[in-house]
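**Student:** For the sequence shown, the residue numbers in mature numbering (1 follows the signal peptide of the UniProt record, and there is no 0) are -19 to -1, 1 to 276. Built from N, CA and C at the ideal position, the CB exists for glycine as well. Predicted, not measured: the structure shown is a model, and the values here were computed from it.
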Amino acid sequence: MALLFLPLLFILFVPSTNAGYWPPSPGYYPSTKFRSMNFFQGYRNLWGPGHQNTDNNGIAIWLDKTSGSGFKSVKPFRSGYFGTSIKLQPGYTAGVITAFYLSNSEAHPGYHDEVDIEFLGTTFGKPYTLQTNVYIRGSGDGRIIGREMKFHLWFDPTKNFHHYAILWSPKEIIFFVDDVPIRRYPRKSVATFPLRPMWVYGSIWDASSWATEDGKYKADYRYQPFFGKFTSFKASGCTAYAPRWCRPVSASPFRSGGLTGQQYRAMQWVQSRYLVYNYCKDYKRDHSLTPECWR
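So this is what it looks like as structure tokens:
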């Protein structure tokens, strides 16, 4: 009898590799509310043209020891929903950053705003880290104040394309993965929120000094080229040239913005299981520089 009981215990207590590890439904899917566009409708090469391969729907960019690559939206925006589906390089990618972000660094060098989705490369057998970040007026001038929240993902981002998005309105910034909100950054003051027009960017580059375990592991060009593939671009909102009455888009059914209760529960589920770093809870940080953490 005991011998029969042992296999039953094994079945009961060995966890499933899939069941229960995906976020609960957010109930609302903002990506379905915006039409996809092909790459050339909204973007142009920014740098590394020899390290890009484009078609009507998307772009592949890569890094090798000679160069990385990047692209930029044709128009600047003052609010909107910005999304793309990305597939990452498998294997050893330490030191490599694949990024999709908003910025006005060229318009305000040394004094710019930025909202980032960055994939921090990794070593064999370890997961990618998705880093979200917000800079407000001044990153790059020697007093860089990042607002990083880092996540692991509930899937392997090298196997298939997944949709990543930033919703930026005058009230809030919300980061999404496959329509699941993973972070909401509300506007608590003018000093802690980006309000100047920004462009949309994508890039891949060598950040060996900090990207993987604070620079412990560097880019290893024996594994080059390192690819990032982007498709299903969505960019909808108020451009910098739109009339002042242009209404910001919403991340929820509420025209006024915010998230539904179901969206909040999905976000809390992700943060309770996959959040690996929160700048507001880092005791080594000077939180007088990030007052939104305690207000």
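Under 8 Å by Cβ, that's how I've got T65 and F208 pegged, so tell me the actual separation to the nearest angstrom.
**Tutor:** Not a contact, Cβ separation roughly 15 Å.
**Student:** Checking 7 Å against the spacing of the C-beta atoms, do I163 and V251 come in under that value?
**Tutor:** Yes, Cβ-Cβ distance for I163 and V251 is below 7 Å.
**Student:** Would DSSP call P162 helix, strand or coil?
**Tutor:** Residue state, collapsed to three classes: strand.
**Student:** I'd like the list of long-range same chain contacts for A221, defined as Cβ closer than 8 Å, with 5 residues on each side in sequence excluded.
**Tutor:** Around A221: K56, P57, F58, R59 and P178.
**Student:** Use the C-beta contact count for D36: other C-beta atoms within 10 angstroms, 16 or more gives buried, fewer gives exposed.
**Tutor:** By the 10 Å Cβ count, D36 comes out exposed.
**Student:** Could you tell me which residues DSSP puts in a beta bridge with R25?
**Tutor:** Its beta-bridge partners are K53.
**Student:** For a test of the three-state rule: what should DSSP assign to Q252, helix, strand or coil?
**Tutor:** Helix, per DSSP.
**Student:** Which term fits residue 294, buried or exposed, when burial requires 16 or more other beta carbons within 10 angstroms of its beta carbon?
**Tutor:** A query on residue 294 cannot be resolved here, the shown segment of the chain reaching from -19 to 276 and no further.
**Student:** Is P138 closer than 7 Å to E153 when the C-beta atoms are compared?
**Tutor:** No, these two residues do not count as a Cβ contact at 7 Å.
**Student:** Is S237 closer than 7 Å to G51 when the C-beta atoms are compared?
**Tutor:** For G51 and S237, no; Cβs fall outside 7 Å.
**Student:** Apart from the five residues just before and just after C227, which ones in its own chain have a Cβ nearer than 7 Å to its Cβ?
**Tutor:** Around C227: C219.
**Student:** Evaluate K197 with the Cβ neighbour count: other Cβ atoms within 10 Å of its Cβ, from every protein chain shown; 16 or more gives buried, anything less gives exposed.
**Tutor:** When all chains shown are included, K197 counts as exposed.
**Student:** Could you give the C-beta distance for G127 and Y116, rounded to a whole number, given that I count them as a contact under 8 Å?
**Tutor:** Between Y116 and G127 the Cβ distance is about 6 Å, and since that is below 8 Å, they are a contact.
**Student:** Just tell me which of E87, Y73, L69 and F142 has its CA closest to the CA of E99.
**Tutor:** For E99, the nearest C-alpha among the options comes from L69.
**Student:** Please state the DSSP three-state secondary structure of L270.
**Tutor:** L270: helix per DSSP, three-state reduction.
**Student:** For F235, is the classification buried or exposed, using 16 other Cβ atoms within 10 angstroms of its Cβ as the cut-off for buried?
**Tutor:** Label assigned to F235: exposed.
**Student:** For Y260, does the three-state DSSP call read helix, strand or coil?
**Tutor:** It is helical.
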